[in-house]
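Inspection log for the structure reproduced underneath, given as structure tokens.
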Amino acid sequence: MATIGSKQQILEAEENLKKLSNSDFTELRSYARPPLCVVAITEAVGTLLDPSKETWSWDDDKKLMARGKNAFIELLVKLDKDNISDKQLAKVQSILARDDCEPLRLQSISALCAALGVWLRAVVTYATQNK
12 MATIGSKQQI
22 LEAEENLKKL
32 SNSDFTELRS
42 YARPPLCVVA
52 ITEAVGTLLD
62 PSKETWSWDD
72 DKKLMARGKN
82 AFIELLVKLD
92 KDNISDKQLA
102 KVQSILARDD
112 CEPLRLQSIS
122 ALCAALGVWL
132 RAVVTYATQN
142 K
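When we follow my numbering, the leftmost residue of the sequence shown carries the number 12, and every step to the right adds one.
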């Protein structure tokens, strides 16, 4: 059973995402060739949002974000965090384990990417404890 602490981490991460500006989203979407860590973090988000999709491209990620800040965050908030598969968890964990996906490195690239990294870590913690 997941702890209250891990649920609280997710809520805090979601609140931090809501505090980001629209320009944070525009900035990330504007990359023609984003840093690899940005592609990796957004791929991890996509893996959770649509597990039926085997591979994610930067174009797929930009389409998700193109819905606008509020719609994108709503997708994250509504994610069924209690039914994340082992395959999804393994893929997201492998992405988060990368050196270039460390929180401080992400923060130096993009506030949105860093906030997504925090959210992903909270979701992984919750899902792992809930298994």
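Glycine included, C-beta positions come from ideal geometry on N, C-alpha and C. Keep in mind the model is a prediction, meaning the values are calculated, not measured.
Beta-carbon contacts of residue i that lie in its chain and below 7 Å, excluding the five residues immediately before and after
| i | result |
| --- | --- |
| residue 13 | Any reading at residue 13 must be qualified, since the residue scores a pLDDT of 49, below 50, and its modelled position is unreliable; the value itself is stated next. Once the five neighbours on either side are set aside, the close Cβ partners of residue 13 are 137, 140, 141. |
| residue 100 | 135, 138, 139 |
| residue 27 | 126, 129 |
| residue 114 | 125, 128, 129 |
| residue 69 | 45, 50 |
| residue 116 | 48 |
8 Å Cβ cutoff met for residue i and residue j
| i | j | result |
| --- | --- | --- |
| residue 86 | residue 60 | yes |
| residue 88 | residue 58 | no |
| residue 55 | residue 109 | no |
| residue 84 | residue 18 | no |
| residue 96 | residue 45 | no |
| residue 90 | residue 107 | no |
| residue 111 | residue 31 | no |
| residue 80 | residue 33 | yes |
Proximal residues to residue i (C-beta, below 6 Å), its chain only, five neighbours per side dropped
| i | result |
| --- | --- |
| residue 35 | 122, 123 |
| residue 39 | 121, 123 |
| residue 25 | 88 |
Neighbour-count burial assignment, residue i, 16 or more Cβ in a 10 Å radius
| i | result |
| --- | --- |
| residue 82 | exposed |
| residue 66 | exposed |
| residue 72 | buried |
| residue 74 | exposed |
| residue 43 | exposed |
| residue 92 | buried |
| residue 133 | buried |
| residue 53 | buried |
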